[in-house]
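Residue numbers (our numbering), protein chains in the order written: chain A, 1 to 390; chain B, 391 to 632.
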C-alpha cells in the first residue's frame with residue numbers, strides 16, 4: 001500500500017513539473033467555462049435583441065421620400081440622415097452597418113405611379129445583429145409598400161385582397177430561453193471532456209512515456225507488485241482528472257453570473273453544494289477515465305503513438321452523449337449503467353435543479369466503478385505480460 | 391553469487407538463448423561478452439526477473455528467480471544501458487524513489503541517499519533536475535539508484551556506452567571499489583578493451599549459447615591467440631558468422 005502511494009506521489013510530482021502536461025490537463029477546465037459563457041451571451045444577445053433593440057438605419061436622400069421616412073420613424077427605428085455619394089464604401093469602411101439609399105428620381109416616379117426602387121446596403125458576412133437589422137428594415141419597407149399599394153388599389157375601386165390570394169403566417173415556437181437551455185445541455189458534455197483531458201497526458205507519460213525513456217525496465221526490477229505499480233499510476237491519473245474537474249467547477253461558478261440569463265427571465269446559480277454534488281458524481285467517471293486511458297496508452301510504445309490512440313479514445317465517452325442529445329433521451333435505470341452517459345444525465349438534472357432519484361446515483365456509481373475496476377484489472381494484466389517491455 | 395543453469399528463452403519463433411549456464415562469483419567482476427543480438431540482454435532480463443525463462447533455473451544470492459522474484463529484486467541492483475532516469479526529477483529524487491520502492495523510509499532512507507551522493511561524488515548536481523545532465527553524470531546517478539538498497543549483486547548492461555575517457559575511468563574505479571566491498575558484479579559488454587581492463591572472469595555468449603567460461607587468461611590460452619579480440623572471435627566459433 002505504501003509503495004502504491006510512492007508511485008502515486010512520484011507520478012504527480014513528476015508531471016506537475018511538466019508544462020506540456022499542465023497546459024493540456026487544465027486549460028480546457030479553466031478556459032472552457034469562459035468560452036461557454038461567451039457563446040451563451042452571444043446567442044442570448046442576438047436572439048433577445050430581436051424584440052427590443054431598435055433598428056439603426058442610415059438614410060441617404062431622405063428628402064426625396066418623406067412618406068417612407070415618416071413611416072420608418074413611426075416604427076422601432078433609429079434613423080440617421082446622411083449625405084454621401086457612395087453608400088457601399090461607407091459600409092465597407094465600417095462607418096455604418098445598414099444604409100437606405102433613396103434616389104433623386106423617387107418623387108417623380110412616385111407621382112407617376114411607376115415602380116420605385118430603394119437600396120439597402122449592408123454586409124451579410126458581418127456577425128452580430130446586422131443581418132437581423134437588415135431583415136427588419138426590409139420587412140418594414142415591404143410593409144410600407146404593401147400599405148401604399150392597397151391604398152392605390154382602393155382609390156381605383158379594386159379590392160386589395162386581389163393582390164394577396166395567399167398569406168403566410170410564421171409561427172416559431174423556439175423561444176430564446178429554449179435556445180439558451182439547449183446550450184446549457186452541452187455543459188455535461190464539456191465536463192466529461194474535462195475529466196478525460198485532465199488525465200490525458202499523465203496517462204501517456206506514466207505508461208508509453210516511461211517505455212520511450214527506457215525507465216520502465218529498471219522500474220519493473222524493483223520489488224513492487226505490478227498491481228500496486230499500475231494502481232499507483234492509475235490513481236495519479238485520477239488525481240489530475242479530479243483537480244481538472246475542481247478547476248472546471250470553480251471556473252464555471254465564477255463565469256456563470258456573467259451570462260445574461262436575466263434577459264430571458266431565467267436565473268442560474270451554481271452553488272457550492274451543486275459543485276460538490278457534481279464532483280462526487282464524477283468521481284467514478286474519473287477512475288473509469290484513468291483506467292481506460294491507462295489501458296490504451298499501455299499498448300503504445302511512444303508518446304506520439306499514445307497521443308494518436310488516446311485522441312480517438314476521448315471521442316468514445318462523448319458519443320453516447322451526442323446520440324442521446326440528438327434523440328432527447330430521458331434518464332432511466334438502464335442508461336444509468338453506462339459510464340459517462342449516466343454522469344452527464346445526472347449532472348444535467350443537477351444544473352437544471354430537477355429532482356434526482358438516489359437509486360440512479362447509486363446505479364451510476366456502481367456500474368461505472370465496476371467498469372473502472374475491470375479496466376484496472378486489464379491494465380495490471382497488460383503490465384504483467386513480457387510484451388510490455390518488448 | 392549468481393548461478394544460471396540451462397536457461398532457454400524464445401520470443402515467438404525466435405530462439406533468443408538456448409541452454410545457457412554459467413556462474414558469477416562474489417567479489418569478482420564477471421564479463422558477459424558477446425556480439426549484438428547474442429542473447430546478453432535476454433539473459434540479464436531473466437536474471438533481473440522482468441521476463442521469465444521457458445526452461446532452466448537461476449538464482450541470485452541463493453534466491454530462485456522463478457519462485458522468489460521479490461527476494462531476487464532485493465538482492466540485485468540493475469544499471470540498464472539507457473539509464474532510465476526521470477528527467478524532471480532531481481538526482482536526489484530519482485535515488486529516493488527507488489529507495490522508497492525498496493521499502494526504505496525516514497532517516498534510514500535519507501542517510502542512505504546522502505551517503506550514496508557522497509560516495510559517488512554527486513553532491514554538485516544532486517539537487518538539479520536530471521534534464522541536461524551529461525552521460526557521465528547520468529551513469530553516476532543511475533548507479534547510485536541501483537545501489538540504494540545496498541544489493542550484494544550488481545548487473546551492469548553496457549555501462550560505458552556513450553561515456554568519454556574521463557567518465558569511463560571514473561566508472562571503472564567505482565566498479566572496482568564496489569567489487570572490493572564484496573559484491574558480485576556481472577557486466578555485459580561488447581567492447582574488448584573494457585573487459586580487458588576491468589574483468590577477471592569472462593563468459594562468452596554467441597548465437598544464444600555459452601561459448602566459453604573462465605578467466606581472461608584462460609580464454610586467451612585456450613584459443614592460442616595473444617590478443618583478446620582474436621581470442622573472442624575464435625571462441626565464438628561458427629556463431630560469429632551467423
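Note that beta-carbon positions come from the ideal geometry of N, C-alpha and C, so glycine has one too.
Using the three-state DSSP reduction, which class does residue i fall into: helix, strand or coil?
i, result
"residue 4(A)", "helix"
"residue 598(B)", "coil"
"residue 186(A)", "coil"
"residue 401(B)", "strand"
"residue 315(A)", "helix"
"residue 232(A)", "helix"
"residue 543(B)", "strand"
"residue 44(A)", "helix"
"residue 118(A)", "coil"
"residue 461(B)", "helix"
"residue 478(B)", "coil"
"residue 603(B)", "strand"
"residue 510(B)", "coil"
"residue 679(B)", "This structure does not reach residue 679(B), given that chain B is present from 391 up to 632, and the question cannot be answered."
"residue 77(A)", "strand"
"residue 268(A)", "coil"
"residue 524(B)", "coil"
"residue 95(A)", "coil"
"residue 348(A)", "helix"
"residue 65(A)", "coil"
Within the 9 Å Cβ cut-off, does residue i reach chain B?
i, result
"residue 13(A)", "yes"
"residue 214(A)", "yes"
"residue 220(A)", "yes"
"residue 17(A)", "yes"
"residue 30(A)", "no"
"residue 7(A)", "yes"
"residue 389(A)", "yes"
"residue 302(A)", "no"
"residue 224(A)", "yes"
Label residue i either buried or exposed according to how many other C-beta atoms from any shown protein chain fall within 10 Å of its C-beta, with 16 as the threshold for buried.
i, result
"residue 591(B)", "buried"
"residue 583(B)", "exposed"
"residue 599(B)", "buried"
"residue 543(B)", "buried"
"residue 139(A)", "exposed"
"residue 402(B)", "exposed"
"residue 304(A)", "exposed"
"residue 66(A)", "exposed"
"residue 473(B)", "buried"
"residue 92(A)", "exposed"
"residue 530(B)", "buried"
Less than 9 Å between CB atoms is the rule here; does residue i satisfy it with respect to chain A?
i, result
"residue 403(B)", "no"
"residue 469(B)", "yes"
"residue 438(B)", "yes"
"residue 530(B)", "no"
"residue 464(B)", "yes"
"residue 428(B)", "no"
Cβ atoms of residue j and residue i: under 9 Å apart, would you say?
i, j, result
"residue 11(A)", "residue 198(A)", "no"
"residue 355(A)", "residue 341(A)", "no"
"residue 392(A)", "residue 298(A)", "The question about residue 392(A) has no answer here: the residues shown for chain A are numbered 1 through 390."
"residue 345(A)", "residue 365(A)", "no"
"residue 578(B)", "residue 431(B)", "yes"
"residue 134(A)", "residue 82(A)", "no"
"residue 423(B)", "residue 623(B)", "no"
"residue 235(A)", "residue 290(A)", "yes"
"residue 288(A)", "residue 37(A)", "no"
"residue 119(A)", "residue 77(A)", "no"
"residue 203(A)", "residue 294(A)", "yes"
"residue 546(B)", "residue 575(B)", "yes"
inquiry  = Taking contact to mean 3 or more Cβ pairs, one atom from each stretch, closer than 8 Å, check whether the segment 267-286 of chain A and the segment 361-381 of chain A are in contact.
reply    = yes
query = Would you call the segment 240-257 of chain A and the segment 445-465 of chain B in contact, with 3 or more CB pairs under 8 Å?
reply = no
request  = Tell me, please, whether the segment 377-390 of chain A touches the segment 555-563 of chain B by the rule of three or more beta-carbon pairs shorter than 8 Å.
outcome  = no
query = Are the segment 491-502 of chain B and the segment 517-534 of chain B in contact at 8 Å, needing three or more beta carbon pairs?
reply = no
task = Answer yes if the segment 112-119 of chain A comes into contact with the segment 69-77 of chain A, meaning at least three C-beta pairs across the two stretches below 8 Å, and no otherwise.
result = no
Touch test, the segment 248-266 of chain A against the segment 498-510 of chain B, Cβ-Cβ under 8 Å, three pairs minimum = no
query = Any chance the segment 603-611 of chain B sits against the segment 435-450 of chain B, with 3 or more Cβ pairs inside 8 Å?
reply = Contact between the segment 603-611 of chain B and the segment 435-450 of chain B is absent, because fewer than three Cβ pairs lie under 8 Å.
inquiry  = Check whether the segment 532-542 of chain B and the segment 484-492 of chain B are in contact - that is, three or more C-beta pairs closer than 8 Å.
reply    = yes
query = Are three or more beta carbon pairs between the segment 214-226 of chain A and the segment 154-172 of chain A nearer than 8 Å?
reply = no
query = Would the segment 188-205 of chain A and the segment 24-36 of chain A be scored as touching if the rule is three or more Cβ pairs under 8 Å?
reply = yes
ask   = Does the segment 607-624 of chain B come close enough to the segment 399-411 of chain B that 3 or more CB-CB pairs lie under 8 Å?
value = Too few Cβ pairs lie closer than 8 Å, so no.
message = With three or more beta-carbon pairs closer than 8 Å as the criterion, would you say the segment 90-104 of chain A touches the segment 56-66 of chain A?
response = yes
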